[in-house]
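Worksheet: one structure, shown below.
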Amino acid sequence: MEFRLLGAVSVATGVGVLPLGPAKRRSLLAALLLRPNHPVPVEQLTAALWDQEPPARARGVIQGHVSRLRVLLARAEAEMFGVELVTQGSAYVLRMPECLLDAHRFEELVTLARDQRAPADAVAMYQEALSLWQGPALTGAYPSQPLQAAAQALEELRLASVESLAGAYTSLGEHARAAAVLRAEASVHPLRESLSAALMRALQRAGRRTEALDWFHRTRRVLADELGVDPGRELADAYALALRGAGEEAGDGAFAGGLASGASSRGAPGGSAPAVSASASTAWASGASASAASASRAAAPAASVPAAPVARAASASAAAPVPSPAAGAAPPPVTVDLLPRMPRGFHGRAGELTALSRAAAGEAPVCLVTGPAGVGKTALVTHWAHRHREQFPGGLLYADLRGFSETGEPTLLEVLREFLLALGVAPRRIPESLGAASALFRSLSADRQLLVVLDNARASEQVRELLPGGARCVTVVTSRYRLRGLIASDAARPVPVDVLEPADSTALLAAVLGTERVFAEEVAARRLAELCGGLPLALRVAAARLADQPESSLSAMCDELSDESRRLGLLDVEDTGVRAALRLTVRRLPTDAARQFAQLGRHPGMYVDRYTAAALADTDPATADAALDKLAAAHLVMRAGPDRWTMHDLVRLYARGLRSGTDALLRVLDLTVATALGAADAAEPGDESCFTLPADFQQPRATREFADREQAMAWYAAERDDLTLAATAADTAGLHGRTWRIILGMWPQIVWRVRDGWTPLLRTALEATRADGDARAESRVLALLGWVLTEEGRVDEALGHLEAAPLLAARAGDTRGEATALINLSLAQAALGSPDEAAEGCALAAELAHSVGDRHTERLALCHLARHRLDAREWQAAHETALAALDLDGSSEASVPARVLLLTAVGEALLGMGDETEGVRRLENAALEAESCGFDDGAVKALGALLRVSADAGLQARYDTAMVRLMART
């Protein structure tokens, strides 16, 4: 388990990242992680979650988020790692080993690196520390003033560590590497004078005096333009050193001194880096502003330009990163410029722009910008290229490779011809062969500082002949495919582009429609962004429709887009739109992947695995897995975990509109029925199958297998929403036999999580059994529905179902079902004050189960009979009944709930008989077993019985914990 602050606020577990939910909950977790093992008062949490006046119910909102975090941590078995979120007075404490927090490990590694005598060892430790950063600190948290101050403090420490890493490289005499590391950061933080000064010294030591002088002039201009000030003393000293042209000796300054000088300057932490946890915690807890957390004006840009991981920069090649212009007061004019115009309405993407700048930092890098159709890859790259045009005095080349166009792709020779003409080659001197033209292009670019943008590439082979030959050239490729071949052959550096965050989505709408119109309907704007799935193309099309209809409201557009049958049509205008972009992507797919994609549109759920995909396409799991991998490479599906895939909402709607036959739905429903049956058998081994397969059942080629109860219950938890969607789809299609079987197949989860809102789903199952004319199934659903209603406290409503269930089962010849129905009926009778009648029903149920050899149901009947006798204070009879039930082989894992309840009944009976010592021992055993397997209901019952004879504080704490977890599921 790992808690992360250095990037997106998240919790990583062995099975994936916990779904933390909204930004407020992430902010709450971040606030607690910034002060682990310390009480954080509610007042500080309120300040972290709301910038302005908090709502009147702020404390309740915080309590709700705390409860949800506790549930998430409990499901991740966080207690096994020593993690616990507890209440302490009016504060909350996240107790945890601090080694589980990435910021703490970062601090430790930096401290170890600073204490190293050997520079090589320090380099390795600094690189490992910096590799922990996955993006700007506290990403995803609400940008309140305290949390922004904490993020700023963490960013300051990261930058200080980068400077120290460069100092370690300097001590090794690897000045080019030091320059590469510093240049990547100085490009992103142009106002941080300590970085620029260190970079100038590194360039000077590396024999690149001209570049050092040029960097000074660039920084001086930026300082004057942005802040209206002259360079500080450290930057001026570095400039004087470069002017003298006297390189410092490679070993100039001891290793420790080199690190200290790299980490101390105007606007950077002086001396050794302060502790991560202390500085960040102080910054957010005190509510200090970002500027106050900085040492001076030079640190301010770190808050406005998001940080990104530095691992790649730290290990970059020794050659210069993004090339700079020649020496002089101003760069020479760019004479070659084939870039498209600067995109209008571009907004956000700070993280992606930073990642692109870092990917471009190195020797002749190839940057691979990938993402789904319509996500804005071309706009991102064009915007970045225009912002960095001065860094490429040799020229700016651009070619649209039209890999996903209806007009066809240009030949590579045509692209090279355009490049060569732009570089001044006479038409008659351009070679006729592709190989010769490519060689000439590489030769002409060898001494230039070129930017080459290759847009909309379909395959790696489209790109390779177009790569320039210069060590100071940068190539940026965009593609809807991942182009793994280009990564393997040319070390292309991926820069993935995803959909926009909600805030950036609404900002994009405001850029087109105007801020007044968008902010006048702020809620509708957020809903519109959600319906467009954060896809820039969809947002622009929706905004274009609204701009053309000034009298129309955003709410009206949301109402129209809410109709899934019309949504894609509304997101097309003229020759542009989501549907057109997806059609071109799908057209380029291999045949097997295209067929798999079309069949995915028949899936009623949100997620697929290899078995589901195989059933949809009527193939085997291995073939389906290969097809899913191809679809992922084209950004048409996304990984959501091991063997788990999902689709963007608009992509799913497009797939559902494709013609693919009607058999796929029936195949996937039958797979769902078979898998649910297998899960129920694994969750309750030895019990009778809850139903037989329908007569027209289509046996899947392969189904998921479950090794034990734990695997089965994990599958139920992960697939609950999709199982509900499958049952709904079956019901809509009139496949009533599949509908009730899917729902009834979920019974182990219903029993385990009874207070979890199952009533509507069970009513659907009941209607389906009646439509299907299956009396046996109807009686079983009635019994289950009645039991759930009883547990929900709706006993009068439950009684009608429960009284009908045993009679219906008897007429259907279902003796086991009749026994189960009688047991459930007894619970309602007891709740209504008829314990004798309830006991008679349980006794009859035990006899019926015994007559057909159903030990599981017999034990369950005796368990409830013992409870009814306890309620009647018949201690001896209850004791004997519970012991008889325990003798009926309850040792399997699936029998844990019944065994816990029986042990509890034995303990309570012993207390009633006056044997307190043995009674307490039995109840403690029941509580421990319930707690060990997460049976919260059983733990509450056992611990509640213990508390009636003991006021032990530890027992009370355990009871409260179990109750909180139980209520969290209610």
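Each residue of the sequence shown is one higher than the last, beginning at 136 in the numbering used here.
Beta carbons: idealized from backbone N, C-alpha and C, even for Gly.
Bear in mind that the values here come from a model prediction, so they are computed numbers and not experimental data.
In DSSP terms, what residue i is bridged to
i	result
Q223	A226
A147	E137 and V152
W1010	In DSSP, W1010 forms no bridge with anything.
S614	T505
M773	T781
P176	A226
D707	G712
V634	According to DSSP, which records beta bridges pairwise, V634 is partnered with nothing at all.
D472	L531
L585	G530
Status (buried if at least 16 other CB within 10 Å, exposed otherwise) for residue i
i	result
S986	exposed
R522	exposed
R702	buried
F241	buried
Q283	buried
N172	exposed
F138	buried
G538	buried
D590	buried
A434	Its pLDDT being 34, under 50, A434 is placed unreliably in this model, and the value from its coordinates should be taken loosely. Classification of A434: buried, given that the 10 Å Cβ count is 16 or more.
D1116	With the chain covering only 136 through 1105, there is no way to say anything about residue 1116.
P116	Nothing about residue 116 can be reported from this structure: the residues present for the chain run from 136 to 1105 only.
V457	Annotation note: pLDDT 39 at V457 (below 50); position unreliable, no value reported.
Q584	buried
D1095	exposed
A451	With a pLDDT of 32 at A451, under the threshold of 50, the modelled position of that residue is not reliable, and the figure given next carries that caveat. Buried.
V201	buried
A288	buried
D909	buried
L536	buried
F654	exposed
G363	exposed
M1102	exposed
A954	buried
P1032	buried
Residue of the options minimising C-alpha distance to residue i
i	options	result
E90	N959, A984 and L983	Outside the displayed span of the chain (136 to 1105) sits residue 90, for which this structure offers no information.
A571	R552, Q964 and L771	R552
A842	A852, C825, A865 and A817	A817
G195	L1063, R160 and A209	R160
A980	L942, R1008, E1015 and D1006	L942
S824	F138, R911, L735 and A248	R911
T994	R318, C977 and P190	Rather than Thr, the amino acid found at residue 994 in this sequence is Arg. It is C977.
D84	R662, W882 and G872	Outside the shown range of the chain (136 to 1105) lies residue 84, about which nothing can therefore be said.
A768	A295, R615 and L579	R615
A903	L801, G948, G869 and A933	G869
G151	G928, L556 and A853	A853
R844	W350, Q884 and A748	Q884
D1087	S1067, V1055 and G1073	V1055
A999	L273, A1017, Q1011 and L983	Going by the sequence as given, residue 999 is His instead of Ala. Residue A1017 is the option with its Cα nearest to H999.
W1010	L1045, L919 and A1080	L1045
R368	R476, P190, A933 and F351	F351
T812	M773, R855, G880 and G776	Rather than Thr, the amino acid found at residue 812 in this sequence is Leu. The option with the nearest alpha carbon to L812 is G880.
L307	L771, V258 and A947	V258
D1006	G968, R990, S296 and P154	G968
R730	A238, A761 and R1083	A761
Open item on the list: Would the segment 828 to 840 count as touching the segment 708 to 722 if we require 3 or more Cβ pairs under 8 Å?
Closed with: Counting Cβ pairs under 8 Å, fewer than three are found: no touch.
- [ ] Jot down the residue ranges of each uninterrupted beta strand (DSSP E) in the segment 587 to 632, minimum 3 residues, whole runs only, in chain order.
- [x] If we require 3 residues or more, the beta strand (DSSP E) runs fully inside the segment 587 to 632 come out as 609 to 614 and 628 to 631.
Open item on the list: I want to know whether the segment 602 to 611 touches the segment 563 to 580 - three or more CB-CB distances under 8 Å.
Closed with: Enough Cβ pairs lie closer than 8 Å, so yes.
Open item on the list: Check whether the segment 676 to 683 and the segment 751 to 763 touch, using three or more Cβ-Cβ pairs below 8 Å as the test.
Closed with: Here the segment 676 to 683 makes no contact with the segment 751 to 763; the two share fewer than three CB pairs at distances below 8 Å.
Task: Uninterrupted alpha helix (DSSP H) stretches inside the segment 490 to 537 (no shorter than 4 residues) - done: 512 to 522, all fully within the segment 490 to 537.
TODO: Determine, using beta-carbon pairs with one atom in the segment 629 to 636 and one in the segment 504 to 520, whether at least three such pairs fall under 8 Å.
DONE: The segment 629 to 636 is in contact with the segment 504 to 520.
- [ ] Please confirm if the segment 322 to 341 is in contact with the segment 480 to 500, defined as three or more CB-CB distances below 8 Å between the two stretches.
- [x] A contact exists between the segment 322 to 341 and the segment 480 to 500.
TODO: Jot down the residue ranges of each uninterrupted alpha helix (DSSP H) in the segment 186 to 252, minimum 4 residues, whole runs only, in chain order.
DONE: Taking 4 residues as the shortest admissible run, the segment 186 to 252 contains the following complete alpha helix (DSSP H) segments, listed from N- to C-terminal end: 193 to 210 and 237 to 249.
TODO: Would you check if there are 3 or more beta carbon pairs closer than 8 Å linking the segment 331 to 340 to the segment 359 to 379?
DONE: With contact defined as three or more Cβ pairs closer than 8 Å, the segment 331 to 340 and the segment 359 to 379 are in contact.
Task: Given 8 Å, three or more beta-carbon pairs between the segment 248 to 261 and the segment 230 to 238 - done: Taking 8 Å as the limit for Cβ pairs, the verdict is that the segment 230 to 238 does not touch the segment 248 to 261.
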